[in-house]
Amino acid sequence: MATIEIDEEVYEALQIPEGERSQAMKKELAVSLYARDVLSFGKARALAELSHREFQALLGDREIPRHYTDTELAEDLDYAE
Numbered sequence: 007m008a009t010i011e012i013d014e015e016v017y018e019a020l021q022i023p024e025g026e027r028s029q030a031m032k033k034e035l036a037v038s039l040y041a042r043d044v045l046s047f048g049k050a051r052a053l054a055e056l057s058h059r060e061f062q063a064l065l066g067d068r069e070i071p072r073h074y075t076d077t078e079l080a081e082d083l084d085y086a087e
């Protein structure tokens, strides 16, 4: 597991309840890295600690288009059958 250090002053300035900060930051990082095509959907979803459906909804809320690889499309089509 990797750790990201954030200045305490910056962390405390977050306008998010303390108990929700870590999860919120993971979601923000996951969405940002996915949008930049740095992480795949599955890895970004895992980072955000969300289900497939929850992460898909989060991307939809943020109006971030889904990036489909040929492998992901094949898996989705297999699943749909």
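With this note's numbering applied, the sequence shown corresponds to residues 7 to 87, in that order. For each residue, glycine too, the CB sits at the ideal point set by N, CA and C.
- Annotation: residue 20 to residue 51 spans about 23 angstroms, alpha carbon to alpha carbon.
- With a beta-carbon spacing of about 16 angstroms, residue 68 and residue 44 fall beyond the 8 angstroms limit used to define contacts.
- Residue burial annotation: residue 33 is buried, with at least 16 other C-beta atoms found within 10 angstroms of its C-beta.
- The shortest CA-to-CA distance from residue 65 to any of 82, 46 and 10 is the one to 46.
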